[in-house]
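Remarks on the structure that follows.
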Amino acid sequence: MERTYIKDLVGKIGESVRIAGFVDIRRDHGKLIFIDFRDVTGKIQAVAVPSHEEAHEAAKKLRPEWVVSVSGKINKRPEKMINPDIQNGDIELEIESIEILSEAAELPFEKDTELNLDTHLDYLPLTLRTDKSKAIFKVQAHIVRAFREFLTGENFTEFQSPKLIGEDAEGGANVFSLEYFGNKANLAQSPQFYKQIMVAVFEKVFAIGNVYRAEKHSTSRHLNEYTSLDIEMGFIASHRDVMRVTNRLLVYIASELRKNCAEEFKLLGSPIPEVPKEIPAMKLREAQAIITKETGKDCMKEPDLDPEQERFLSEYAKNNFNSDFIFITHYPTSKRPMYAFEDPEDPNYTNSFDLLFRGVEIATGGQRINDYEKLVEKIKSKGLDPEKFSFYLQAFKYGMPPHGGFGMGLERLTAKLLGLHNIKEATLFPREINRIDNLLSK
RNA sequence: GCAGUCGUAGCUCAACCUGGUUAGAGCACUCGCCUGUCACGCGAGAGGUUGCGGGUUCAAGUCCCGUCGACUGCGCCA
3 MERTYIKDLV
13 GKIGESVRIA
23 GFVDIRRDHG
33 KLIFIDFRDV
43 TGKIQAVAVP
53 SHEEAHEAAK
63 KLRPEWVVSV
73 SGKINKRPEK
83 MINPDIQNGD
93 IELEIESIEI
103 LSEAAELPFE
113 KDTELNLDTH
123 LDYLPLTLRT
133 DKSKAIFKVQ
143 AHIVRAFREF
153 LTGENFTEFQ
163 SPKLIGEDAE
173 GGANVFSLEY
183 FGNKANLAQS
193 PQFYKQIMVA
203 VFEKVFAIGN
213 VYRAEKHSTS
223 RHLNEYTSLD
233 IEMGFIASHR
243 DVMRVTNRLL
253 VYIASELRKN
263 CAEEFKLLGS
273 PIPEVPKEIP
283 AMKLREAQAI
293 ITKETGKDCM
303 KEPDLDPEQE
313 RFLSEYAKNN
323 FNSDFIFITH
333 YPTSKRPMYA
343 FEDPEDPNYT
353 NSFDLLFRGV
363 EIATGGQRIN
373 DYEKLVEKIK
383 SKGLDPEKFS
393 FYLQAFKYGM
403 PPHGGFGMGL
413 ERLTAKLLGL
423 HNIKEATLFP
433 REINRIDNLL
443 SK
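Going by the working numbering, 426 is the number at position 424 of the first sequence; the sequence numbering is gapless.
And the structure:
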């Protein structure tokens, strides 16, 4: 018999059906055995009764996570047994036969109970099956889909950036060097140079891929491998054009999440943010003036914000502009990479921005230098050797439009959207110095 | 890398501050009973080198030192 998905059973009352899926939980009353089955579309309660002797015997053996194919009849539940709080609470499957496709060992803990993060990570192949994890990664999948959909609709072209790159790293974060290449190649810490090169090919491009940071950071918002959502666009007037696209992109993502993931957000107890039509923006120095005035701590000379100040500014944006988001612009030239475009009105600052969301930085972007001579000069002034960047520099040597873009951390965005405390909860298989799956088997 | 907190049954925790007989609970597991549960219920049972190493003490899960690991925060970043 053809398999029926569990979500479709409600229209099959009185019919014989076959479902396939997992045992979610079993409640054995002796003569009556209740089993909740789940497949990718949902859950349903089934009941094994003694009159179907063979099926009843099989039902006794079933345990959580066994994989089965079950045939039976869909019955309307008696009035008193209707459970309005759950999916398919008004019907049940009367089991007529059970085929066991795969047995499961005794679970180390009950599925869907609260676990320490460490235990959760030790048992990912099992814990990713929980309702909570499924909700998190469904939301993440929809963020990626919406990102891709929006940009494709805006005539951006998606491309694959290499993850093995040469020594011409942009500086900043430490890179993993690769022994195979005589330590002259690294894992990419960003697709930055490649997306700029691609601007001269397709004008507007985006890339979704892993990037690698060799930092021994141990925080709730850092990973050695994460997914970067990157865009780069040509023919902009300034970083403001990039911010406007970022803004509209976030509006689109939020609306798609509202359409497709309302249940998941409800389960995780986090509100889907309202993205303002115009996300508030202020220059770094303005933000610091506010912090200095409000907290009494003078930070006017600092080149960047610390995490506490980022949290403060997010609070400030919420209270004063009713926004979960705020752009901070014009970071000092000294703190930005060599390709950062200087503010024409004050070359000590750059046409750059960070986007803060619920207390953390989720994106960084800005306008890039597109003039060849200027870029070479800037590389030198940062104490770097232009020779090392000669491949990258070809893009500028042979004509490059004014351009800019941003990089956004997918896992950070996911975690913050869903109110998760640790970024590892928003990462399927998090990599860090003490954890790469079975490298750490005990 | 630094700082703080933590590490006890398969899981989540109690007992630690104030050292003292046999280290407890809930869930999971095994066995028995149960025809309306949906976190099913009831009864019984099994399950521990208290992360590891050292020290203090008549006596250490408990106090001290070291070490390994985790979490939180910081630096750096997305």
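Virtual Cβ for every residue (Gly too), placed ideally from N, Cα, C. Keep in mind that this is a model prediction, so the values were computed, not measured.
Answer yes or no: do GLY211 and PRO403 have a C-beta to C-beta separation smaller than 8 Å?
no
How many angstroms separate the CA atom of VAL213 from the CA atom of LYS113?
32 Å
Under the assumption that LYS197 contacts SER230 (Cβ atoms under 8 Å), give the Cβ distance between them as a whole number of angstroms.
About 10 Å; that fails the 8 Å criterion.
Alpha carbon to alpha carbon, how far is GLU151 from GLU94?
39 Å
If you follow the beta strand (DSSP E) that GLU101 is in, where does it begin and where does it stop?
93-104
Note down the Cα distance separating LYS165 from ILE102, rounded to an integer number of angstroms.
43 Å
Under the three-state reduction of DSSP, which class applies to LEU442: helix, strand or coil?
Reliability of the predicted coordinates at LEU442 is poor, the pLDDT of 45 falling under 50, and the value obtained from them is presented with this limitation in mind. Looking at LEU442 - three-state DSSP - the assignment turns out to be helix.
Which residues share a DSSP beta bridge with ASP348?
ASP345
Check the DSSP bridge columns for THR331 and list the partner residues they point to.
Bridge partners of THR331: LYS285, PHE355.
Exposed or buried, which one is PRO52 when buried takes at least 16 other CB atoms within 10 Å?
exposed
Assign MET410 to buried or exposed, taking buried as 16 or more other Cβ atoms, counted over all protein chains shown, within 10 Å of its Cβ.
buried
Relative to the C-alpha of ALA61, which candidate in PRO273, ARG79, ARG29 has its C-alpha closest?
Checking every option, the nearest Cα to that of ALA61 belongs to ARG29.
Please work out which residues of its chain come closer than 8 Å, Cβ to Cβ, to ILE15, disregarding the five sequence neighbours upstream and downstream, and give them in chain order.
ILE76, ASN77, LYS78, ILE93
Whole angstroms are fine: how far does the CA of GLU344 sit from the CA of SER443?
Low confidence applies here, because SER443 scores a pLDDT of 45, under 50, leaving its location unreliable and the question unanswered by this model.
Span of the alpha helix (DSSP H) holding MET235?
Unbroken run through MET235 is the beta strand (DSSP E), 227-236; no alpha helix (DSSP H).
Decide if the stretch 35-55 is in contact with the stretch 103-112; the criterion is three or more beta carbon pairs, one per stretch, under 8 Å apart.
no
Candidates LEU123, ARG20, PRO127: which alpha carbon is nearest GLU98's?
ARG20
Suppose the cutoff is 7 Å on Cβ atoms and the five residues either side in sequence are ignored; what does the same chain contact list for PHE208 look like?
LEU153, PHE158, GLU160, ASP232, ILE233
Apply the 10 Å Cβ neighbour rule to ALA239 and answer buried if 16 or more other Cβ atoms are within range, or exposed otherwise.
exposed
Quick one: what's got a C-beta closer than 6 Å to ILE330's C-beta in the same chain, skipping five residues either side?
LEU286, ALA289, ASP356
Counting only runs that start and end within the stretch 113-177, where is the beta strand (DSSP E) found for 3 or more residues in a row?
Within the stretch 113-177, no complete beta strand (DSSP E) run reaches 3 residues.
Consult DSSP for VAL49 and reduce its assignment to one of helix, strand or coil.
The three-state secondary structure of VAL49, taken from DSSP, is strand.
Between which two residues does the beta strand (DSSP E) containing THR366 stretch?
362-370
Cutting at 8 Å between CB atoms, please list the residues of its own chain near PHE202, excluding the five before and the five after it.
For the record, residue 202 in the displayed sequence is Ala; it is not Phe. Excluding sequence neighbours, ALA202 sits near GLY236, ALA397, TYR400, GLY401, MET402, PRO403.
Measure the CB-CB distance between ARG223 and GLN191 and report whether it falls below 8 Å.
no
Tell me which residue opens and which closes the beta strand (DSSP E) that ASP26 is part of.
18-30
Can you give me the Cβ contacts of MET3 inside the same chain, cut-off strictly under 8 Å, excluding the 5 residues immediately before and after it?
The residues are SER18, VAL19, ARG20, SER73.
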